[in-house]
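First comes the structure, then the notes that go with it.
Protein chains: 2
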Amino acid sequence: MIMQETISAQGDTAPDTADADDLIATLAANARAAQRVLAGKSDADKAAALRKAAQALRDHAKAILSANAQDVTKGEDRGLTSAMLDRLRLDEARLAGIADAVDQVAALPDPVGETIASSERPNGLQLSRVRVPIGVIGIIYESRPNVTADAAALCVRAGNAVILRGGSEAVNSNRAILAALAEGLAAGGIPAHAVQLVPTQDRAAVGALLRAADGVDMIVPRGGKSLVARVQAEARVPVLAHLDGICHTYVHCAADQAMAEAVAVNAKMRRTGICGAMETLLIDAAYPHASDLVGKLIDAGCAVRGDGRACALDTRITPANAGDWDTEYLEAVLSVAVVDGLDAALAHITAHSSGHTDAIVTSDAETAEQFLNAVDSAIVMANASSQFADGGEFGLGAEIGIATGRLHARGPVALEGLTTYKWQVRGTGQTRP
Amino acid sequence: MIMQETISAQGDTAPDTADADDLIATLAANARAAQRVLAGKSDADKAAALRKAAQALRDHAKAILSANAQDVTKGEDRGLTSAMLDRLRLDEARLAGIADAVDQVAALPDPVGETIASSERPNGLQLSRVRVPIGVIGIIYESRPNVTADAAALCVRAGNAVILRGGSEAVNSNRAILAALAEGLAAGGIPAHAVQLVPTQDRAAVGALLRAADGVDMIVPRGGKSLVARVQAEARVPVLAHLDGICHTYVHCAADQAMAEAVAVNAKMRRTGICGAMETLLIDAAYPHASDLVGKLIDAGCAVRGDGRACALDTRITPANAGDWDTEYLEAVLSVAVVDGLDAALAHITAHSSGHTDAIVTSDAETAEQFLNAVDSAIVMANASSQFADGGEFGLGAEIGIATGRLHARGPVALEGLTTYKWQVRGTGQTRP
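Heads up: the sequence lines are chains H and G, in that order.
Each residue of the first sequence is one higher than the one before, starting from 1 at the first, in UniProt numbering.
Each residue of the second sequence is one higher than the one before, starting from 1 at the first, in UniProt numbering.
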């Protein structure tokens, strides 16, 4: 079993793979045993244990910040960008925020045990569907250490055990956070193995986790394109995937000018690096203030790439190439197309949307409803910024990710998405004829 | 592109694979286009088109029965067992039943458009989650030709296009049924490509369907262990899997004797070949009528394999080996273990259940509730035969299968399991601070 960090540059050799499978099988068996205990805990027990975990993060602040400082130093040596270092770095305020977030998850209503539906059959059988935990969840994520605490807290709140595999940049931070969480949970009567961190950064361990269909019930990948591509190629475990956010905003001919400009600038520029950021603006050919709209975006610091008609709106627009319509920029770059009415907008979105979030701005209620019904994305919006695509903004309290697949859960995934259901049947001795 | 039936005995060669990928890509593109039209159809339109499809099955009865006779003749030549031939064979009454089942699906309530949940945020955003079709569904199944009509009708009722890949034994029957269905749907304004049959029996086409993650949204495999194993090994498309049904019945010490005997005999012997049939009987060591219970099963024609204590109950019981506890017999064979109380029964079920259906018989309400809460299978029952594990018996009208996975849908899967949801957000120009 690999218990030491061994970074393999490329290509998992056969012995690595077998060792990694053994390692993950051990973690999964530990997780399964812990989950069975966790499944018997009450709402109050789980909430109390999570509050103890939050307090343990505060109690161990010094150790966590010291571990994080090691990661930051190592990251500086490895030449991480300042943006990456900023995402990695913790300070007392950020750590307090992480602990508070765990308390907030503790305060969320427990979804487990909820009766989703019930019915009685003519033969007297009483049926009900009751929400239960999924079981053992694997989460593969990249550099932000706060994910360690957020994801663990959400999984445990919904009665699941979690196996976390964080990025190598944050390995010391993640270990220190995980140790504090496990200590707090154990003090609250929840087995420490309910939250485990894969103890190696070997890439073979990721492959083993993706293959562990017998021991792991769901994988949530949170990371960039290379991680997502690997998960898609290798996973044998069901995946709750978060792919690209190629989000569109369509400014209809009947859009209010001030609203269109405010929504478009916010959707693109509030934070350009999040998956809900607008990447393509579709302007109706009959919208009378198109030049003003692109001007506002350019004035806000956005580089605009346009189709032929869009380029005619402002001399600062450069021509888009075919790839632009399928690009998630995640920076202050926007592609703009002029479209002839709702149907053309829908056709563009059908062809190029990644199915994350697409929005319309219009004062015409009927057109808004047509758009909301016709666009088949996880989130469709009328007259709002696509940057609202977020579990917190949706009132879910927190999110484990935004799912762009079609099964199980779509859009922001929070506690409910970390549960499944079972059928309970209560009879009085019925036999089937 | 392979448009002719070419049965490859073993091993997909590279050219076959490329051809099969092209074939499936074409079918998937056709399906996607048809599904977009279907998604715009009303409840009434879909119901009317399905009634036309049912009528087309009746109108083309002669052609369908003639095609089926070809399959039966071929099956006899190939030496299919009489049970397999019986499952394959259609007559006027069976075909009428298939058409009536399509009418029954037409009469089911349309799940699409249902608002699952809604809320208003403090900033005035109105959120709702609305049920929508999944999209394009692939179904891989074995010999019964009724599945062609049942599965197509269910998919279309919920607004999905379907790509069907039936067994080679029923290829002519399936083609004739599919042609009638497509004609009826088209007469009702639904594109014929909403229901398609993979036009080749080449095994490479199954592989291509399992890999078609860009074009197919979900795969439902309905078949034996070899199909399930292939799907688990190869699928890149999300799978709604139906694995083994190793179903347990636990007769508690406080079980009513007559009820225990009636439920156990029904659970095992009503039909031994269905996935909800009991495969293991757990008898509480304190249940006073254990010999009578196993005697009733043996008298009903069941071969019983027991653990040490079970063998002492009746001289006709043979010793079970370790593999028996993990075997889905699907015939008149039963494994029986004597267990010491609820906890021992739960431990046995945890170790050996396939997560399909497990039941308890007891007159003690508290024990029944403990069992219903503790057993983590798709269906848990108290005082009822596990043979009730069926979409029709659950009031779902019909079922596409019984899911034993943990995500998306569990237990009998019907129209609701063939849908997903999207978030609709209605604003008045909100931007995110």
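Where is the CB? At the ideal position from N, CA and C, for every residue including glycine.
Because the structure is a prediction, the values reported are computed rather than measured.
Distance CB(residue i)-CB(residue j) smaller than 8 Å
i                : j                : result
His356 (chain H) : Thr280 (chain H) : no
Val333 (chain H) : Ala285 (chain H) : no
Cys275 (chain G) : Ile402 (chain G) : yes
Leu95 (chain G)  : Leu65 (chain G)  : yes
Leu197 (chain G) : Arg175 (chain G) : yes
Ser354 (chain G) : Asp244 (chain G) : yes
Glu88 (chain G)  : Ala170 (chain G) : Sequence check: residue 88 (chain G) is Leu here, not Glu. Contact flag set, yes.
Val336 (chain H) : Val294 (chain H) : yes
Leu227 (chain H) : Gly273 (chain H) : no
Phe394 (chain G) : Leu127 (chain H) : yes
Ala106 (chain H) : Arg58 (chain H)  : no
Leu396 (chain G) : Ala414 (chain G) : yes
Ala398 (chain G) : Asp150 (chain G) : yes
Beta-carbon neighbours of residue i, restricted to chain H and to distances below 8 Å
i                : result
Met278 (chain G) : What Met278 (chain G) touches in chain H: nothing, since even the nearest Cβ is about 12 Å away.
Val380 (chain G) : Lys422, Trp423, Gln424 and Val425
Under 9 Å by beta carbon: chain G residues contacting residue i
i                : result
Gln387 (chain H) : Thr431 and Arg432
Leu108 (chain H) : Under the 9 Å cutoff, chain G gives no residues; its nearest Cβ is about 14 Å from Leu108 (chain H).
Gln232 (chain H) : Ala213 and Arg236
Sheet register partners of residue i (DSSP bridge)
i                : result
Met278 (chain G) : G:Cys247
Ile128 (chain G) : With the sequence shown as reference, residue 128 (chain G) is identified as Ser, and Ile is not the correct amino acid for it. Answer is G:Ser118 and G:Gln424.
Leu334 (chain H) : H:Val304
Pro133 (chain H) : H:Thr419
Thr357 (chain H) : H:Ile379
Val265 (chain H) : Per DSSP, none; premise fails for Val265 (chain H).
Pro221 (chain G) : G:Ile140
Thr318 (chain G) : G:Arg305
Residue i: contacting residues in chain H (beta-carbon distance under 7 Å)
i                : result
Thr428 (chain G) : Asn383
Met259 (chain G) : Gly429
Val132 (chain G) : Asp376
Own chain, CB closer than 7 Å to residue i, minus 5 neighbours either side, in chain order
i                : result
Gln10 (chain H)  : Because the pLDDT at Gln10 (chain H) is just 37, under 50, the model does not fix this residue reliably, and the point stays unresolved.
Val112 (chain G) : Arg131, Val132, Pro133, Ala158, Gly159 and Thr419
Ala20 (chain G)  : Ile2, Asp202, Ala204, Ala205, Gly207 and Ala208
Ala254 (chain G) : Thr362, Ser363, Asp364 and Thr367
Asp63 (chain H)  : Here residue 63 (chain H) is Ala; the residue named in the question, Asp, does not match the sequence. Contacts found: Ala176.
Within chain H, partners of residue i - CB distance below 9 Å
i                : result
Glu393 (chain G) : Arg121, Asn123, Leu125 and Arg432
Tyr287 (chain G) : In chain order: nothing, as chain H lies at least about 15 Å away.
Pro238 (chain G) : Pro238, Val239, Gly405, Arg406, Leu407 and His408
Gly135 (chain G) : Asp376 and Arg406
Chain G contact residues for residue i, given Cβ-Cβ distances below 7 Å
i                : result
Ala262 (chain H) : Gly429 and Thr431
Gly215 (chain H) : Within 7 Å Cβ-Cβ: nothing; Gly215 (chain H) doesn't reach chain G, min ~13 Å.
Asn266 (chain H) : Thr431 and Arg432
Arg270 (chain H) : Arg432
Beta-carbon contacts of residue i that lie in its chain and below 6 Å, excluding the five residues immediately before and after
i                : result
Gln70 (chain H)  : Asn172
Asn30 (chain G)  : His193
Ile379 (chain G) : Thr357, Ala389 and Gly411
Asp110 (chain H) : Asp43
Val37 (chain G)  : Pro191
Ala117 (chain H) : Arg129
Ile283 (chain H) : Val251, Ala290 and Val338
Met278 (chain H) : Cys247, Thr249, Ala267, Lys268 and Ser386
Glu5 (chain G)   : Because Glu5 (chain G) carries a pLDDT of 32, less than 50, the predicted location of this residue cannot be relied on, and the following value inherits that uncertainty. Correct list, in chain order: Thr200 and Gln201.
Pro238 (chain G) : Met218
Partners in chain G for residue i, counting only beta-carbon separations shorter than 8 Å
i                : result
Ser377 (chain H) : Lys422
Met218 (chain H) : Arg406 and Leu407
Neighbourhood of residue i by C-beta distance below 8 Å, restricted to the same chain and skipping five residues each side
i                : result
Ser8 (chain H)   : With a pLDDT of 34 at Ser8 (chain H), under the threshold of 50, the predicted position of this residue should be treated as unreliable, though the coordinate-derived value follows. The residues are Asp16, Asp202, Arg203 and Ala204.
Arg165 (chain G) : Gly138, Ile139, Ile140, Tyr141, Leu197, Val198, Ala205, Val206 and Leu209
Val195 (chain H) : Ala152, Cys155, Val156, Ala161, Val162, Leu164, Leu178, Leu181, Ala182 and Leu185
Asp326 (chain H) : Ile246 and His352
Asp45 (chain G)  : Gly188, Gly189 and Ile190
Any C-beta of chain B under 8 Å from that of residue i
i               : result
Gly97 (chain G) : Considering every chain present, this structure includes no chain B. Its protein chains are H and G.
Any non-hydrogen atom of the ligand MN within 7 Å of residue i CB
i               : result
Gly97 (chain G) : The ligand MN is not part of the structure shown, which contains no ligands of any sort.
Open item on the list: Taking 8 Å as the cut-off, does the segment 414-431 of chain G touch the segment 380-395 of chain H (at least 3 CB pairs, one atom from each stretch)?
Closed with: Contact between the segment 380-395 of chain H and the segment 414-431 of chain G is present: three or more C-beta pairs spanning the two stretches fall below 8 Å.
Open item on the list: Three Cβ pairs or more, each shorter than 8 Å: is that satisfied between the segment 173-184 of chain H and the segment 208-227 of chain H?
Closed with: No contact exists between the segment 173-184 of chain H and the segment 208-227 of chain H.
Task: Segment contact flag, the segment 132-143 of chain G with the segment 219-233 of chain G, C-beta cutoff 8 Å, min 3 pairs - done: Yes: the two stretches touch, three or more of their Cβ pairs being nearer than 8 Å.
TODO: Determine, using beta-carbon pairs with one atom in the segment 327-344 of chain G and one in the segment 233-241 of chain G, whether at least three such pairs fall under 8 Å.
DONE: Because the criterion of three Cβ pairs below 8 Å is not met, the segment 327-344 of chain G and the segment 233-241 of chain G do not touch.
Task: Any 3 or more C-beta pairs closer than 8 Å across the segment 30-45 of chain H and the segment 360-370 of chain G - done: Contact between the segment 30-45 of chain H and the segment 360-370 of chain G is absent: fewer than 3 CB-CB pairs across the two stretches fall below 8 Å.
TODO: Mind the definition here: the segment 145-153 of chain G touches the segment 101-118 of chain G only if three or more C-beta pairs lie below 8 Å; say whether that holds.
DONE: Short answer: they touch.
Task: Given 8 Å, three or more beta-carbon pairs between the segment 317-324 of chain H and the segment 296-309 of chain H - done: The segment 317-324 of chain H is in contact with the segment 296-309 of chain H.
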